[in-house]
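For what it's worth, numbering that gives the first Met the number 0 labels the leading residue of the sequence shown as 0, then goes sequentially. Each remark here refers to the structure printed beneath this line.
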Amino acid sequence: MKQENEKTRYSDAELQEFKALILEKMRIAKEELNALASSLSSPNANGTDDTAGTYKTLEDGSATLEKESINQLAARQKKFIEQLEAALMRIENKTYGVCRETGKLIQKERLRAVPHTTLSMEAKLKQY
């Protein structure tokens, strides 16, 4: 038998608090993604077009590596935004904050630090 103080879900007020946190994180993530996208689409801003040809190969390699890094960061940002959107859906469904492994509530501190998580620390530690 469950104790009365053992909640099975967060209250609507608590869910709204998490929603505000997630929306703010999403706003920042989208800004960062836009900055990454614009740095990919802008031409070389270093002004090295008139540099001697001997350095051109090194610059090309460096520019390619930088673009790959930016693409990876952008892909990570997109995935993070998708995870935040999924968390918003869980808030709408009132299932947010419930561990998908244990069925228990995820601690508020963990949700504040990692608002898109679907695992409690207990479940997360079992993965290792």
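All C-beta atoms, glycine included, are put in the ideal place defined by N, C-alpha and C. This one's a predicted model, so the numbers in the text were calculated from it and none came from an experiment.
Beta-ladder partner(s) of residue i, from DSSP
i: residue 136; result: Only positions 0 to 127 of the chain appear in the structure, and residue 136 is not among them; the question remains open.
i: residue 97; result: 104
Unbroken alpha helix (DSSP H) run spanning residue i, endpoints
i: residue 5; result: Per DSSP, residue 5 belongs to no alpha helix (DSSP H) and is neither H nor E.
i: residue 124; result: 120-125
Close-in-space but distant-in-sequence residues of the same chain around residue i (CB under 7 Å, 5 per side omitted)
i: residue 38; result: 69
i: residue 111; result: 20
For residue i, the three-state DSSP class (helix, strand or coil)
i: residue 33; result: helix
i: residue 72; result: helix
i: residue 41; result: coil
6 Å Cβ shell around residue i - same chain, five flanking residues per side excluded
i: residue 115; result: 82, 83 and 86
i: residue 117; result: 99
Nonlocal neighbours in the same chain, by C-beta distance under 8 Å from residue i, ignoring five residues either side
i: residue 36; result: 73
i: residue 21; result: 83, 86, 87, 90, 114 and 115
i: residue 46; result: Here the model assigns residue 46 a pLDDT of 49, short of 50, so the residue's position is not dependable, and the following value carries that caveat. Counting only Cβ-Cβ distances below 8 Å, and skipping sequence neighbours, we find nothing.
With a threshold of 8 Å, are at least 3 pairs of Cβ atoms found where one atom belongs to the stretch 12-30 and the other to the stretch 97-104? Flag = no, the stretch 12-30 and the stretch 97-104 do not touch.
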